[in-house]
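Chains as they are written, first to last, in the numbering used here: chain Y, 3 to 367; chain E, 64 to 135. We put the beta carbon where it would ideally sit given N, CA and C, even for glycine.
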Amino acid sequence: MSSIRRFLASRWGPIVTGIAVGVLAPVLVSLGNPGNMGVCVACFSRDIAGALGLHRVPVVQYIRPEIIGFVLGSLVAALVFREFRPRTGSSPLLRFLLGMFAMIGALVFLGCPWRAYLRLGGGDWNAVFGILGLAAGIGAGIVFLRMGFSLGRNYPAPAALGWVMPVLMVGLLVLLLAAPQFGRDADGHPTGPIFFSAKGPGSQHAPWLIALGVGVFVGFLAQRSRFCTVGALRDLVLLRDAHLFNGILALIVAAFLMNLVLGQFKPGFEAQPVAHANTLWNFGGMALAGLAFTLAGGCPGRQLFLAGEGDGDAGIFALGMIVGAGFAHNFSLASSPAGPGAFGLAAVLVGLAICVIMGLTMREK
Amino acid sequence: MNENLVDARGRSCPEPAMMTRKALMNAGKGVVIVLVDSVTSRDNVARTASLAGWQSAIEQQADGSYRLTLTK
């Protein structure tokens, strides 16, 4: 056990995690997940928001077991290695807002940083502009960090607080399996409370137990290796530290090779799965997401792994993402394969303005 | 002595590493003490110190936090 611990804490940890994600994500696609969406924390949280009826876009509603697995896998690793440490109190309200705006930005691009790298590994060249936007957003976040930006410290909390997110995830798993239905309206449409897509990306999913297993496995590895798709670029620039960045390179190479093997590598800009080709707003959406993730201290996956080891503030961020997804679809902010939503561009500008205000005002003397 | 004590407990990434890097640069050489309370921060601080050519010794405190003694 201690040799596993040492190995995953070494420079190989993020690389092994990146390879695991790069290999398993395309496998999940071949087992039913949407194209280039083996794992996407933003899209999957959005599907969960839809399944809970927080938005009513009929094609993106499903309780994704991968998200549940990320939190529970991290919980298991944290318990086994005695790193479960309940804590909270570092500006939770602002973290909630950052989660909302990170989600809104990600849904303008159509993917979180994980999916941006997976899209690249699948030959979707639109991802290049998303990743450039992500880098720009992280760069802006670094400027604020250098100016003294901080959401303040957290404090140890009672054990019960650390269990809230894992228990919520178990609750989601129960709702996935039970899928309660209270009836149908006059037109014959289900009235919920749980909604599952009958067509579109929400209807495309790998068998739940496999998806959950992959989520738990990745959550376990990532908790041990501190894998983070935003910290990777941030630490490379800010600290000249490539520890996490090597994990991203491994992810992209593994995803590329695996997509080749599975016949899923389809290079080009047009007609890519669950993607649009609007260069400017692929860039802009991810710039907002990158800034919000950087101010919050990590990518959406990392927030779920932290939530699994007891970090209540990361849990609040993850809940902010789910609520943000509800807003993104109800207010026509999210893009679709046809292009940006009616108010997506305005939302990105508002989100950037709010993040900049936060970046300038949340400073320690 | 106080100048060489960094209390990074409870901080989000990448603050503990940034605070450490700044303290190491200000000190130039000698001893810098860093307090953190997560294993992630402990490892990040140790790696930051090592990248800057400092040695680190780690002690776990009674309350579960870590005290890193960085020397050069």
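(request) Reducing DSSP to helix, strand and coil, say where Y/Arg155 ends up. (result) coil
(request) Output yes if chain E places a C-beta closer than 7 Å to the C-beta of Y/Leu241; else output no. (result) yes
(request) Rank Y/Pro16, Y/Leu241, Y/Ala137 by C-alpha distance to the C-alpha of E/Ser113 and give the top, closest one. (result) Y/Leu241
(request) Might you give, ordered along the chain, the residues of its own chain that have their beta carbon closer than 6 Å to the beta carbon of Y/Ala291, omitting 5 neighbours on each side? (result) Ala104, Gly107, Ala108
(request) Output, in chain order, the set of chain E residues within a Cβ distance shorter than 9 Å of Y/Ser92. (result) Gly73, Arg74, Ser75
(message) Under 8 Å, with one C-beta from each stretch per pair, do the stretch 304 to 318 of chain Y and the stretch 69 to 84 of chain Y reach the 3-pair mark?
(response) yes
(request) Indicate whether at least one CB of chain E lies closer than 7 Å to the CB of Y/Gly299. (result) Yes, its Cβ sits closer than 7 Å to a Cβ of chain E.
(message) One question on the structure: do Y/Asn261 and Y/Pro115 come within less than 7 Å of each other, judged by their Cβ atoms?
(response) no
(request) Determine the direct distance from the alpha carbon of Y/Tyr119 to that of E/Met88, and round the result to whole angstroms. (result) 35 Å
(message) Under 8 Å, with one C-beta from each stretch per pair, do the stretch 212 to 231 of chain Y and the stretch 353 to 367 of chain Y reach the 3-pair mark?
(response) no
(message) Report the start-end ranges of each alpha helix (DSSP H) in the stretch 307 to 363 of chain Y that is 4 residues or longer and not cut off at the edges.
(response) 314 to 332, 346 to 363
(message) Can you list, in chain order, the residues of its chain with a C-beta nearer than 6 Å to that of Y/Gly249? Leave out the 5 residues immediately preceding and following it.
(response) Pro16, Ile17, Thr19, Gly20, Phe229
(request) Would you please verify whether the beta carbon of Y/Glu85 is less than 7 Å from any beta carbon of chain E? (result) yes
(request) Report yes if the C-beta distance between Y/Gly322 and Y/Gly101 is below 7 Å; otherwise report no. (result) yes
(message) Just to make sure I have the definition right: I need the residues of chain Y whose C-beta is within less than 8 Å of the C-beta of E/Leu114. Which are they?
(response) Leu241, Arg242, Asp243
(request) Give the residues of chain Y in contact with E/Glu122, contact being defined as C-beta atoms less than 9 Å apart. (result) Correct list: empty, because the minimum Cβ distance to chain Y is about 17 Å.
(request) Check the DSSP bridge columns for E/Asp70 and list the partner residues they point to. (result) In the DSSP assignment, the residues bridged to E/Asp70 are E/Leu98.
(request) Report the rounded CA-to-CA distance for Y/Lys201 versus Y/Phe131, giving the unit in angstroms. (result) 29 Å
(request) Would you give the residue range spanned by the alpha helix (DSSP H) that Y/Ala104 belongs to? (result) 94 to 111
(request) Count the CB pairs spanning the stretch 51 to 64 of chain Y and the stretch 327 to 341 of chain Y that are closer than 8 Å, and state whether there are at least three. (result) yes
(request) Would you kindly report the start and end of the unbroken beta strand (DSSP E) that includes E/Arg130? (result) It spans 129 to 134 - the beta strand (DSSP E) in which E/Arg130 sits, taken as one unbroken run.
(request) Alpha carbon to alpha carbon, how far is Y/Gly204 from Y/Gly341? Give it in angstroms, no decimals. (result) Each residue's Cα considered, the two are about 18 Å apart.
(message) Determine, for Y/Arg8, whether the minimum Cβ-Cβ distance to residues of chain E falls below 7 Å.
(response) Taking Cβ atoms only, chain E never reaches closer than 7 Å to Y/Arg8, which makes this a no.
(message) On the DSSP bridge list, what partners appear for Y/Arg365?
(response) Y/Phe151, per the DSSP bridge assignment.
(message) Would you say Y/Arg155 lies against chain E (beta-carbon separation less than 7 Å)?
(response) yes
(request) Return the first residue and the last residue of the alpha helix (DSSP H) that E/Ser119 is part of. (result) Looking at the DSSP string, E/Ser119 is not in any alpha helix (DSSP H); the run it does join, the beta strand (DSSP E), is 118 to 123.
(message) I'd like to know whether the C-beta atoms of Y/Pro94 and Y/Ile324 end up nearer to each other than 7 Å.
(response) Contact flag unset, no.
(request) Find the nearest neighbour of E/Asp132 within the set E/Ser75, E/Ala125, E/Val94, E/Asn107, judged by alpha-carbon distance. (result) Here residue 132 of chain E is Thr; the residue named in the question, Asp, does not match the sequence. If we check each option's Cα against that of E/Thr132, E/Val94 comes out closest.
(request) Enumerate in chain order the residues of its own chain whose CB-to-CB distance from Y/Asp370 is below 6 Å, with the five nearest sequence positions on each side excluded. (result) Given that chain Y is displayed from residue 3 to residue 367, the structure contains no residue 370 of chain Y and the question cannot be resolved.
(request) Determine, using beta carbons only, whether E/Ala125 comes closer than 7 Å to chain Y. (result) no
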